[in-house]
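Chemist:
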Amino acid sequence: MLKHINKALLIFLMFLLVINTVSAQQHSKVNSVQDCLDLYEGSFSCFRILAEKTNNISLCDYPVKESISVEEKNQCIRNVAAKNKNIDACDTLTGKEKDRCISGVIWELQDESLCSLLSEESARSGCQWNIIEFKDYECSDLWDNVKRDFCYMGSCQTLECCDNIKGLPESSARKNNCISKIGVQSGDFDLCIQTKKRKCILDIIDNMEAPSPEVCEQFKGITLSDEYDPRTVSAYLDCIGTVAKVNENPELCIDTFDIEKDVTNCLSRVKHIEACKLMTDIPERNKCANYVASFVSHNPDDCNVITDASKRISCRGTLNVLSHLSNPIIDVLIMLIIAGLYFVVLRHKEKYLPLTVALAVVFVQRIFLLILPLINILMEAQPITQLLGLVINIRFTDWFIWFARLRGYIAYNWLYLLIADILTLAVLVLIGYIAQRKGISVIKTIVISAIILWILATLMIIGLGAMLGT
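Start counting the sequence shown at 7; every next residue gets the next number (my numbering).
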């Protein structure tokens, strides 16, 4: 039975491959109007492809059987113009449609001088803003005052340059942002205090290797707020919390402050699970742990610090259920147990062949996962795509995503991954047992089954990523 299933799957994959190949070959054969009429019965999609291929916009208006909207025809012309970088093709359009067409060509050419061809002032300014790179462009040449301000904010390297941000009611705030940015680059706390920017102070401390608490003494009695965070907060408390974070020393907050609220606020700035554990305010502790687990460590195990059971389950459930964060010591013990079962007990008994082979497959995967961090480090030095990086991190046990809700009720990620391994092992053993009864090669069957599970896991993970927009 399994042999027939494998054959059917192989035939289906071959069928898809043939269909895609034939389709690709047919598209490559489309070189004339007659080809569209013969191969595709004069469909608009064929003429659209041919128009892009031949840089001939008249084909976008070729009479076809289908009912084609004006928008579809305009889209065809825009595609022809953009893909062939043919700005003259846009002359057949008018108004906003012509502007959209010209914008597409300008984007392909990356030539902001062509922005003057657009009919509306706002469109011209927006076009130029999208194309230019501040480091290679003179901000003074920008037409729009707001965009000129932002250009200086992004490119200025001196205080004198920031003086060019002027003329608008909002310019003073933007000039302050420009000055505080230079304060961060130069490590000058005085510029942070001058501009009253909390983020400026925190960024400077973040850039220090091992900042001393003494650096915060200058901020005693100073309260600052941000335009994005209107709360007035003690700059000294902010500073101590950031020093504790950089030095990974949350106890500094306890040693520095006597009031519980100040200690809690300081610990919340450390953004580490150990700091959350030190909080005595339970609601704040739960909030801290949820934030750290969700946005900093991305480790479901950090949710265990949350005391409220429903919030703890929710925290684990909203994290990446496919997290491979585990306990390396437990992983090594599991590998030793698998190796012991394989070499001492099962290898010599033919009737246990399905379990032996399944254990070998899981064992090899465990070894691979153990060296995976090294592989990822080596990959960072090579121009390999993000998709490839995702694929090699996928375990064939990741089909377990179907039981994602279960993760919320399991305290440790290593235990969740172990359950996934055990259930996958049971599936492989069952398949191997059926193959043995049918006289099929157990090794080939289990390896093929593992590959199929890996393909399913890959498709589900990529599908999940697409659904989440990642």
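We treat Cβ as the ideally placed atom computed from N, Cα and C, and that holds for glycine.
1. I need the DSSP call for V70, collapsed to helix, strand or coil.
2. Does the distance from the CB of P219 to the CB of V249 come in under 7 Å?
3. Cutting at 6 Å between CB atoms, please list the residues of its own chain near I416, excluding the five before and the five after it.
4. Contact between the segment 174–186 and the segment 147–158: three or more CB pairs below 8 Å?
5. What's the gap between the Cα of R318 and the Cα of M285?
6. Quick check on DSSP: helix, strand or coil for S240?
7. Please say whether N37 and N61 have beta carbons closer to each other than 7 Å?
8. Contact check, V367 vs A456 under 8 Å by CB: the rounded distance?
9. Quick check: the Cα distance between C162 and L197, rounded to an integer number of angstroms?
10. Report yes if the CB atom of C245 is closer than 7 Å to the CB atom of F225, and no otherwise.
11. Can you tell which of K202, K187, T229 and E223 has its C-alpha closest to the C-alpha of I210?
12. What first and last residue would you give for the alpha helix (DSSP H) that runs through Q442?
13. Give me the Cα-Cα distance between I458 and A315, rounded to the nearest whole angstrom.
14. Considering only the beta carbon of each residue, do L434 and I452 sit closer than 7 Å?
15. Determine the extent of the alpha helix (DSSP H) in which I270 is found, giving its start and end residues.
16. So which of D67, G247, D264 and C222 has the shortest CA-CA distance to A281?
17. Just verifying my parser: in three-state terms, what is the DSSP assignment at L124?
18. Going by DSSP in three states, L174 sits in which element: helix, strand or coil?
19. Let's see if you can read the secondary structure: which residues bound the alpha helix (DSSP H) around N305?
20. Quick one: grab the DSSP three-state call for L230.
Modeler: Result, derived from the coordinates:
1. coil
2. yes
3. Y422
4. yes
5. 17 Å
6. strand
7. no
8. 5 Å
9. 15 Å
10. yes
11. K187
12. N419 to R443
13. 37 Å
14. yes
15. According to the sequence as given, residue 270 is Thr; it is not Ile. Segment E266 to V276, the alpha helix (DSSP H) holding T270.
16. G247
17. coil
18. coil
19. Counting along the chain, N305 falls outside any alpha helix (DSSP H), and DSSP gives it neither H nor E.
20. strand
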